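J.: Counting from 1, position 76 in the sequence shown corresponds to residue 85 in the numbering used here; the numbering is continuous, with no gaps.
Using N, Cα and C, we set each Cβ at its ideal position, and we do this for glycine too.
Computed from a predicted model, the values in this text were never measured in an experiment.
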Amino acid sequence: MLLNIVEDKLRLEFTWQEQLLAVRFQKLWLIPLAHIKQVTIAKPQSSWKELRAPGSFIPGIIKAGTYYTERGKEFWYVDRDDSYLNIDLQNESYDRIIVTIDDNSYWLQQLTQVEY
């Protein structure tokens, strides 16, 4: 997954494999920076109460797709890595995006220093 900031939007670009595992048919996802409420790199909470619809889940290997949780509708794409990037959203169809990405500290800095 590639992340970029283009103009005033966060751009997520998925590989075909990521699209398949997450059951996401769009290669690009653009999110206005003004819609980002908070960004953290803490390990996200996960529970057996979550409803996956649609997506993929192999315990300890991958969790990808749309999940309905007590916190709302979330998009997950995490693997064995523990470099989490949690992006809380407003005015979007998802309440939160949780991904693992190698340079999560860099993206935390980039997304928190932007003036919304």
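1) Let's test the definition: count the other Cβ atoms within 10 Å of the Cβ of residue 125 and tell me whether it reaches 16, buried, or not, exposed.
2) Taking residue 103 as the reference, give the member of 75, 63, 48 with the closest Cα.
3) Return the CA-CA distance between residue 49 and residue 26, expressed in angstroms with no decimal places.
4) By how many angstroms is the C-alpha of residue 22 removed from the C-alpha of residue 80?
5) Below 8 Å, can you find three or more Cβ-Cβ pairs linking the region 84-95 to the region 104-123?
6) Between which two residues does the alpha helix (DSSP H) holding residue 114 run?
7) With 16 as the cutoff for other CB atoms within 10 Å, does residue 84 come out buried or exposed?
8) Excluding the five sequence neighbours on either side, which residues of its own chain have a C-beta within less than 6 Å of the C-beta of residue 13, listed in chain order?
9) Taking the beta strand (DSSP E) that residue 85 falls in, what are its first and last residues?
T.: Reading from the atomic positions:
1) With a pLDDT of 49 at residue 125, under the threshold of 50, the modelled position of that residue is not reliable, and the figure given next carries that caveat. Result: exposed.
2) 75
3) 26 Å
4) 25 Å
5) yes
6) 113-121
7) buried
8) 20
9) 81-88
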